[in-house]
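Here the structure comes first, spelled out in structure tokens, and everything after it is commentary.
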């Protein structure tokens, strides 16, 4: 069965410093992996998606993630945090047990950005 | 940019009452989904819907739940007799034909008293 594990429930960084949000996955086949962001009182916004075309995936707002099959990881990074990045981030794997896909979510990582 | 919308943003109801949560998916999308997030817990899949029928449902989606696409634009989730444990944020999502990228609405916070 597919699953994802987000290794940190909370991460705090100072504005202008790098961000690293960690995600490990478990999959019996080549997975589709996603990162979504949820700002307070907002919906889930797609940051980026991995579907085997390239192991380094660039997303919106300067975020990127690297798929490492040997480590079963899909960590999200950003070189320089901005105050507006404060939000909850979800790592997601897409499963397709039947004709349609369903998402399996990680438990989320709340990012705090300090001034 | 097209987006998924949901109404209401917050619904308060008494235990045992029926509620209907409404969603308007992105117009050219053909696959529709409901997820829920109980406070402090992870987002969980409830049901997927395609071609006017349920494609898959989780074990959470019991006989108290139903989904419907009553017209060409709306997608609804009905809970027949709400329980306290149904209190959660409910997210609607949609995706294109053959695509596994899902686009989410802002959610409806359901509070059952």
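Residue numbers (my numbering), protein chains in the order written: chain Z, 3 to 117; chain L, 3 to 115. Note that beta-carbon positions come from the ideal geometry of N, C-alpha and C, so glycine has one too.
Between residue 58 of chain Z and residue 23 of chain Z, the gap from beta carbon to beta carbon reaches 7 Å or more. When the beta-carbon positions are compared, residue 89 of chain L and residue 66 of chain L stay at least 7 Å from each other.
From the beta-carbon of residue 48 of chain Z, the residues of chain L found nearer than 9 Å are 103, 104, 105, 106.
Under DSSP, residue 40 of chain L shares a beta bridge with no residue. Near chain Z, meaning a CB-to-CB distance below 9 Å, the residues of the stretch 51–82 of chain L are 51, 52, 57, 58, 60. In terms of CA proximity to residue 99 of chain L, L/32 leads the group L/7, L/32, L/18. Interface with chain L (7 Å Cβ-Cβ cutoff): residue 91 of chain Z is excluded.
Bridge pairing for residue 82 of chain L: absent [DSSP].
Taking C-beta atoms under 8 Å as the contact rule, residue 23 of chain L and residue 110 of chain L qualify, at a distance of about 5 Å.
Counting the other Cβ atoms within 10 Å of the Cβ of residue 87 of chain Z gives 16 or more, which makes it buried.
Going by C-alpha positions, residue 48 of chain Z is about 16 Å away from residue 112 of chain Z. Nearest to residue 68 of chain Z by C-alpha distance, out of Z/34, Z/42, Z/45, is Z/34. Collapsing the DSSP output to three states places residue 87 of chain Z in a helix. Within the same chain, Cβ atoms closer than 7 Å to the Cβ of residue 92 of chain L are found at 23, 36, 38, 79, 109, 110, 112, the five residues on either side in sequence being excluded.
Per DSSP, reduced to three states, the secondary structure at residue 26 of chain Z is strand. Residue contact with chain L for residue 103 of chain Z: present (Cβ-Cβ distance below 7 Å to some residue of chain L). In the DSSP secondary-structure assignment, residue 59 of chain L is bridged to L/49.
Residues 46, 48 of the same chain have their beta carbon placed closer than 7 Å to that of residue 62 of chain L, with the five preceding and five following residues left out of the count.
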